[in-house]
Amino acid sequence: MLKVTCAIIIYKGKVLITQHSVDSKYPLKWEFPGGKIEKDESASECIKREIKEELGLEIEIWQKLNSVVYQLDVKKLELIPFLCTVKEDKIFLNEHADYKWLDLAQLKNFD
Numbered sequence: 001m002l003k004v005t006c007a008i009i010i011y012k013g014k015v016l017i018t019q020h021s022v023d024s025k026y027p028l029k030w031e032f033p034g035g036k037i038e039k040d041e042s043a044s045e046c047i048k049r050e051i052k053e054e055l056g057l058e059i060e061i062w063q064k065l066n067s068v069v070y071q072l073d074v075k076k077l078e079l080i081p082f083l084c085t086v087k088e089d090k091i092f093l094n095e096h097a098d099y100k101w102l103d104l105a106q107l108k109n110f111d
């Protein structure tokens, strides 16, 4: 089973979502950013590394949330979410097409 982390990043009352690039496996879909856990890496090390690589952000983990196991295409995934914050919101998009800081109620409007 593939283990993947994601960060639910809250800053000034808003939640961060990122948009996959046009040439990704899920073009222009929105997500909580994160990525695959590498060999000999903990889930918390993974999410910090992924967010730094993808967005240039240093995150502070508040809490690890319950994992969710689900089927995505032909793969079975364990998604490990973390509730996080950042000290500043200067984002550098290294892999994504776009990002947005949203109120919780706005999340339902994004695919």
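Per our numbering: the sequence shown = residues 1 to 111. Quick reminder that beta carbons are idealized off the backbone N, C-alpha and C, glycines included.
- Restricting attention to GLU53, SER21, LYS25, the CA atom closest to the CA of ASP73 is found in LYS25.
- Boundaries of the beta strand (DSSP E) around ALA7: 2-11.
- For ILE47, there is no enclosing beta strand (DSSP E); the residue is found in the alpha helix (DSSP H) stretching over 43-55.
- Separation of ASP98 and THR18 (C-alpha to C-alpha, rounded to the nearest whole angstrom) is 6 Å.
- Following the DSSP letters along the chain, one finds LYS90 in no beta strand (DSSP E), marked with neither H nor E.
- Under the three-state reduction of DSSP output, LEU65 falls in the coil class, being neither helix nor strand.
- Ranked by how close their Cα comes to the Cα of LYS36, the residues ILE47, LEU107, LYS29 have ILE47 in first place.
- Taken through DSSP and simplified to helix, strand or coil, LYS29 comes out as coil.
- Cα atoms of VAL69 and PHE92: separation of roughly 30 Å, rounded to the nearest angstrom.
- An exposed status is given to PHE110, since fewer than 16 other beta-carbon atoms sit within 10 Å of its beta-carbon.
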